[in-house]
Amino acid sequence: MSDRQLEEITETVEERLRASQPDVELLALERAAAERLRLTIDRASGVDLELCETVTRLLPDLNEEWAIEVTSPGPERPLTKPEHFRQFVGSLVRVKTSEEIEGRRSFTGPLKSADGERVSVADPAGTVTIPLSAVHRSNLLAENDSEVGA
4 MSDRQLEEIT ETVEERLRAS QPDVELLALE RAAAERLRLT IDRASGVDLE
54 LCETVTRLLP DLNEEWAIEV TSPGPERPLT KPEHFRQFVG SLVRVKTSEE
104 IEGRRSFTGP LKSADGERVS VADPAGTVTI PLSAVHRSNL LAENDSEVGA
């Protein structure tokens, strides 16, 4: 599956959510396996099994081609948009990049700042600024995560 196909599926899912479940946000859509898509959703009042089933039923055509897995964000909530990073400034995060920054591709520590173009993470080696365009994957971590600095 190409990046463009994944973007098209994401747009389709977001359109259907806006039309039917406007309080639900698609946080992430990823190809979890060869024939499986994982959708991570959230809403202010929380995500339960009933909501996951409702979202799955909104996607019957996708469910014919792919096994659809709809999940809640859980404690390691993905951060996929600039507003997610801004919302969680001060929280413990892990940011993995698609390219090396200061000789590394993984940064774990408190999120110090975020704007529409970059985030800053204070990890044991010091604070590093990462362009959002270089972020491959990022998520919140539990405050007691033992892999800080990994």
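Taking my numbering, the leading residue of the sequence shown gets 4, the next gets one more, and so forth.
C-beta atoms are modelled at their ideal positions from N, C-alpha and C, and glycine is treated no differently.
Status (buried if at least 16 other CB within 10 Å, exposed otherwise) for residue 52: The count along the sequence shown starts at 1 and reaches residue 52 at position 49. Burial call: exposed.
Close beta carbons around residue 83, own chain, < 8 Å, minus the five adjacent residues each side: Numbered from its first residue, the sequence shown carries residue 83 at position 80. Result list for residue 83: 30, 31 and 141, in chain order.
Pairwise C-alpha distance: residue 13 and residue 41: Locating residue 41 in the sequence shown gives position 38, where the first residue counts as 1. Locating residue 13 in the sequence shown gives position 10, where the first residue counts as 1. The alpha-carbon atoms of residue 41 and residue 13 are separated by roughly 11 Å.
Outcome for residue 111 when other beta-carbon atoms lying within 10 angstroms are tallied against a minimum of 16: Here residue 111 is taken as the residue at index 108 of the sequence shown, counted from 1. Buried is the call here.
Cβ neighbour criterion (16 or more within 10 Å) applied to residue 100: As a working mapping, residue 100 is identified with position 97 in the sequence shown. Buried, since its Cβ has 16 or more Cβ neighbours within 10 Å.
Beta bridge counterpart(s) of residue 122 as assigned by DSSP: By 1-based counting over the sequence shown, the position of residue 122 is 119. DSSP lists 117 and 133 as partners of residue 122.
Nonlocal neighbours in the same chain, by C-beta distance under 7 Å from residue 23, ignoring five residues either side: Locating residue 23 in the sequence shown gives position 20, where the first residue counts as 1. Taken in chain order, the residues that qualify are 61.
First through last residue of the beta strand (DSSP E) which encompasses residue 45: As a working mapping, residue 45 is identified with position 42 in the sequence shown. Residues 39-45.
Nearest-angstrom Cα separation, counted from residue 130 out to residue 58: As a first step, residue 58 must be located in the sequence shown, where it is residue number 55. As a first step, residue 130 must be located in the sequence shown, where it is residue number 127. Taking the straight line from one Cα to the other gives about 39 Å.
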